[in-house]
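See structure below.
Protein chains: 2
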Amino acid sequence: MPTLQELACADRDRFLALLDGLYGRAGWIAERAWARRPLRTLAQLKHALADVVRTAEGDARASLLHSHGIDPLPAGATPAQRARWRELDDAYAARFGWRIAIANAGPRGTGLDAAAVIAEAERRLDGHPGIERDECLRQLHRIAGLELDRRFGATPAQGNRVWDWAERLAQHSDPGCAERGELTVTYLTDAHRACAQRLAHWMREDCGFDEVSIDAVGNVVGVYHGADRDAKRLLTGSHYDTVRNGGKYDGRLGILVPMACVRELHRAGRRLPFGVEVVGFAEEEGQRYKATFLGSGALVGQFDPAWLEQQDADGITLREAMRHAGLCIADIPKLARDPARYLGFVEVHIEQGPVLDELDLPLGVVTSINGSLRYLGEVVGVASHAGTTPMDRRRDAAVAVAELALFVERRACLQPQLVGTVGMLEVPNGSINVVPGRCRFSLDLRATTNPARDALARDVRAELAAICARRGLRFTLEETLRADAAPSAPAWQQRWERAVQAAGLPVHRMPSGAGHDAMKLHERLPQAMLFVRGERAGISHNPLESTTSDDMELAVQAFAALLDDVAAA
Amino acid sequence: MPTLQELACADRDRFLALLDGLYGRAGWIAERAWARRPLRTLAQLKHALADVVRTAEGDARASLLHSHGIDPLPAGATPAQRARWRELDDAYAARFGWRIAIANAGPRGTGLDAAAVIAEAERRLDGHPGIERDECLRQLHRIAGLELDRRFGATPAQGNRVWDWAERLAQHSDPGCAERGELTVTYLTDAHRACAQRLAHWMREDCGFDEVSIDAVGNVVGVYHGADRDAKRLLTGSHYDTVRNGGKYDGRLGILVPMACVRELHRAGRRLPFGVEVVGFAEEEGQRYKATFLGSGALVGQFDPAWLEQQDADGITLREAMRHAGLCIADIPKLARDPARYLGFVEVHIEQGPVLDELDLPLGVVTSINGSLRYLGEVVGVASHAGTTPMDRRRDAAVAVAELALFVERRACLQPQLVGTVGMLEVPNGSINVVPGRCRFSLDLRATTNPARDALARDVRAELAAICARRGLRFTLEETLRADAAPSAPAWQQRWERAVQAAGLPVHRMPSGAGHDAMKLHERLPQAMLFVRGERAGISHNPLESTTSDDMELAVQAFAALLDDVAAA
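Structure (structure tokens):
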């Protein structure tokens, strides 16, 4: 079996021989990758191959798509499944012009069954050709990547462990959801408490944490002491609750990755010059109660006693739920951490967006968690007859909102680290033959810094006012949410960057558009986050959320590298 | 009492004396009207005064608004009404900066009660300042116009008759609607049949028609013979059914105005060289059954037997309803008119739009009934996280539809006689923090000619395709209605123009955006329509629909002038 060392020292012919047949007959990919040496790691080689394709001329990519010989349906398919597959295969080819590529080894490398392959083809048959083209190329990269693992004898042991933990944890789901195959774990349900128990068990028994507890709000806290028990600690973690019908990795990856690292430290009998405290936050999503960030908030001394009287959909108050779970409400204030005892906070999280997937990058470094502003608005004009009201005499509320939506898009495009969205848009009781008299909309504006966020909001408000003044309309705009930006602490961000480079990967810096527990810890501690690529364009808050055990392996490597980096400082 | 002759011959001082105090202290209006002589008719004078104000500098209009001394609450108001009025009056002044003007004589000149005045103020308090400013000025013109009628002893006797007929007819309303004060008269209900009976009675007993009948589809047909019984006839009329909770004048005006003219001919013992056939069409709105234009369609030989099996909301088929009303279904084909026996078709109709009201013009001449195309569409992109999806990686369905809506507006503005509307607009299940993956919309495109309509539709479709291609989206667009344009017959349009000029009014030519019975008759006969101004910016299909007895008087005058014009030809 060849080694990476051998690949690194190979001449051109040997290099091409090592990669022979990797993308079927598309030998040009390996040839162009030759120019990308030195290639120290498999991750680096895989990225180089994908990047060769991504930056190739369109014709080359098209021929790759049209010439692949992938037949993803596994041998064990039933006759009915084979018949269905032929239908799908034909329909797909008719729609897109090439045959579907699916890496049927699956995210864990252990193989998808026929039903899963068919479901994937059914889902993708409905996609946009441009998106589907890119997805097929990524599937070819995944197939090539698994083949490289095989040829070089690489097994993502840590990644597989994290993947299996996540799978095991996902067996707990709230009543009714489990039966439908949906994953829903909301605050302090039986499934939620089972997850806490399961995490605590793994931390204690499997990973060798020194202290493991479930705290007064249900956070699972594991401490692996430093060489000196009283040394400062690095705080890390993420949440284990989910949205309704959510994914298996959102939050949980940020608990399981450091757990895997501590497990390795413990097995090696190694102590760092600092402690590692891993927290599985009990509540981040605000699903059962409107108490988003309850878990991480408690660590920065935030807990609103008014929340206790909130009722869930069944009329159970938060207070009752906490008592029922045996939590000691009176102890919540004691959870606030003393910043003097911590080095900082780091968090690993699945990206929940398309950026890394599109760039064929397993990891990304977060520069800032975006600050955001949300509004609900309404423009009011005059409803009138679509036939009898001349264009120059209309007070059309919908075209005003259309102008605003395009302004939001244009304005947010001006700077790379802004996003602006009109997510809700409606002409209430609109009729085909009535000029809209009202139009309701929402605004979601985010930026990496508060000043950039506020400037965006100011411009959008001013534009709305100008549009309405010019068109003779009225408007209302109500702010419904304001969250401050949490820029990464430069020293910690740089540690993540070095950790990514250590894996042989280029550093991609990116803002986090979504909120994370790190936003809360930001109020007390320097923080920085690492993003892990999500498959399927990063779809999240959805059962389709997925990432591979290869990417998880790289996340564990990066976390371990960060620990080494801090230890060496 | 001064006469119009006296006004026409007056020198400047006498002219100003005759108009003294007409707009309170705003003597400049009369002074500027002096330059608009010769002024032959009161209608011409009223229009000249309004036009002076409409074209005056903004400051002059503002001072007129701020200095009027109108106190519209009638003397008979209760203490509670007075208290409510003070609240409204204060709120209005605080909102707009001037006090509300309401011509409390009402559309018939007989006075509004306190409740009606309060309701009007409540409605207008919510309006846009620009619209409300124009409305107040129109109310001042109405007050001045009534004062001119008083000074010159003019009474709109024919207009009052038409107004009273319409009021009497509006006492019949479908079950449940009458109790709520709503006017709904749908095909062949008791109220509908009572209206037919009432119209037939007036035609026969009050107006002196020679032949009056209710035909096989429920149309009320009155014939006033020409000097020769067998002379060709002028066909006219409109519909007496209404939309749900509709207005009193939509359709009915076009029956009542010619009835008033025939009444005068009969009283004068006058026979024209042609017959006049007035038809009250039984069904135009397609409310109870989807059989729009059933009444006028029958006159051009169109009746779809499949309609007979349609059921209304109570499960009653059209066949049962017609039998129940004693109609002879077998005779429907006989209703088709022989074009050789008719001169043409003319129709009077309330505008149902804002144009005449904004131009302070009581009458307008229709150049064409617009052809129209309707579509329902959907754009499909990819729903994604509003925070984590960068602007350049979105497939946002809503901004694509926003672009389309603005294109429709821009494109329809390029030519004066086009209208285009996105009336329905919705992101289904949109969330504030999700980039819209779908957006549904409607398109309503109309033009005075079929080629202009089709060119508009072609450009809109092409733009939608281009937007979606550029943004990587898919779309569907389903045509749901296609109606051909019905351009006015030039000779008949010119007769209406001369009739309007005969009243001393400028000719305003305009397309009809809405469909009318004339569209059906267009298939067999030359046709042309006259529009009558609607108050309140022409609101229609709404109980607020209104027009004054003064404007009705002018419509009767114009119809009489048209008859004379045809007679003289």
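Residue numbers (our numbering), protein chains in the order written: chain A, 4 to 572; chain B, 4 to 572.
All C-beta atoms in this analysis are idealised placements derived from N, C-alpha and C, irrespective of residue type, glycine included.
| request: Just the chain A side, please: which residues come within less than 7 Å of I435 of chain B by C-beta, in chain order? | output: Correct list: R377, G426, M427, S445, D447.
| Would you report the Cα separation of P261 of chain A and F562 of chain A, rounded to the nearest angstrom? | 7 Å
| Within chain A, partners of R477 of chain B - CB distance below 8 Å | H131
| Does the count of Cβ pairs from the region 391-408 of chain B and the region 287-295 of chain B closer than 8 Å reach three? | no
| Cβ of Q314 of chain B within 8 Å of any chain A Cβ | Contact of Q314 of chain B with chain A is not assigned, every C-beta pair being separated by 8 Å or more.
| Under a CB-based cut-off of 8 Å, is R396 of chain B close to chain A? | yes
| field | Contacts of F355 of chain A in chain B (Cβ-Cβ under 7 Å) | value | The amino acid at residue 355 of chain A is misidentified as Phe; the sequence shows Gln. Those are H388, T391, listed as they occur along chain B.
| field | Beta-ladder partner(s) of P639 of chain A, from DSSP | value | Only positions 4 to 572 of chain A appear in this structure, which leaves residue 639 of chain A out of reach.
| field | CB contact below 8 Å: I134 of chain B versus chain A | value | yes
| request: Using alpha carbons as the reference points, say which of B:M4, B:G225, B:G184 lies closest to H204 of chain B. | output: B:G225
| Is the shortest distance between the beta-carbon of D406 of chain B and the beta-carbons of chain A less than 8 Å? | The sequence as given places Glu at residue 406 of chain B; Asp does not occur at that position. It does; some Cβ of chain A falls within 8 Å.
| task | Give the secondary structure of I217 of chain B by DSSP, where H, G and I count as helix, E and B as strand, and everything else as coil. | result | strand
| request: Return yes when the Cβ of L528 of chain A is within less than 8 Å of the Cβ of G257 of chain A, no when it is not. | output: no
| task | Report the three-state DSSP secondary structure of Y26 of chain B (helix, strand or coil). | result | coil
| request: Give the residues of chain B in contact with L409 of chain A, contact being defined as C-beta atoms less than 9 Å apart. | output: V402, A405, E406, L409
| task | Check the DSSP bridge columns for Q530 of chain A and list the partner residues they point to. | result | In DSSP, Q530 of chain A forms a bridge with A:F348.
| Under the DSSP definition of a beta bridge, which residues are partnered with G380 of chain A? | A:F444, A:L480
| Using the beta-carbon of each residue, which ones in chain A are nearer than 8 Å to A521 of chain B? | In chain order: nothing, as chain A lies at least about 14 Å away.
| Is the CB-CB distance between W495 of chain A and A531 of chain A below 8 Å? | Less than 8 Å separates the beta-carbon of W495 of chain A from that of A531 of chain A.
| Is it buried or exposed for H327 of chain A, if we count other Cβ within 10 angstroms and need 16 for buried? | It counts as exposed.
| L282 of chain B vs V265 of chain B beta-carbon contact at 8 Å | Looking at the sequence itself, residue 282 of chain B is Val, so the reference to Leu does not match. No, these two residues do not count as a Cβ contact at 8 Å.
| query | Along the chain, which unbroken stretches of the alpha helix (DSSP H) at least 4 residues long are found entirely within the region 264-328 of chain B? | reply | 297-302, 321-327
| query | Roughly how many angstroms lie between the CA atoms of G254 of chain A and E214 of chain A, to the nearest whole one? | reply | Counting only the Cα atoms, E214 of chain A lies some 22 Å from G254 of chain A.
| Nonlocal neighbours in the same chain, by C-beta distance under 7 Å from D567 of chain A, ignoring five residues either side | Hits under 7 Å: none found.
| Which stretch, first to last residue, makes up the beta strand (DSSP E) that contains Y3 of chain B? | Residue coverage of chain B in this structure runs from 4 to 572, which leaves residue 3 of chain B outside it and unanswerable.
| said: Under 8 Å: do the region 240-251 of chain A and the region 496-516 of chain A share three or more Cβ pairs, one atom per stretch? | reply: No, the region 240-251 of chain A is not in contact with the region 496-516 of chain A.
| query | Which class does M513 of chain A belong to by DSSP, given the choice of helix, strand or coil? | reply | strand
| said: When you compare the CB positions of G426 of chain A and S387 of chain B, do they come within less than 8 Å of one another, or not? | reply: no
| message | Against chain A, does P77 of chain B count as a neighbour if the rule is that its beta carbon must be under 8 Å from one of theirs? | response | It does not; no Cβ of chain A falls within 8 Å.
| message | Once DSSP output is grouped into helix, strand and coil, what is the label at V438 of chain A? | response | Strand.
| task | Can you tell me the Cβ-Cβ gap for A486 of chain A and S371 of chain A, rounded? I've got them flagged as a contact below 8 Å. | result | With a Cβ gap of about 12 Å, A486 of chain A and S371 of chain A do not count as contacting.
| field | chain B residues whose Cβ lies nearer than 7 Å to that of N373 of chain A | value | Simply G390.
| request: Give the C-beta separation of R414 of chain A and L459 of chain A to the nearest angstrom, bearing in mind that I take them to be a contact with Cβ-Cβ under 8 Å. | output: Their Cβ separation, rounded to whole angstroms, is 6 Å, which keeps R414 of chain A and L459 of chain A in contact under 8 Å.
| said: Which residues of the region 539-572 of chain B have a Cβ closer than 8 Å to any Cβ of chain A? Give them in chain order. | reply: Cβ contacts with chain A: A540, G541, I542, S543, H544.
| message | Rounded to the nearest angstrom, what separates L366 of chain B and L143 of chain B at their Cα positions? | response | Computed Cα separation, rounded: 19 Å.
| request: Kindly indicate the opening and closing residues of the alpha helix (DSSP H) around S552 of chain B. | output: 552-571
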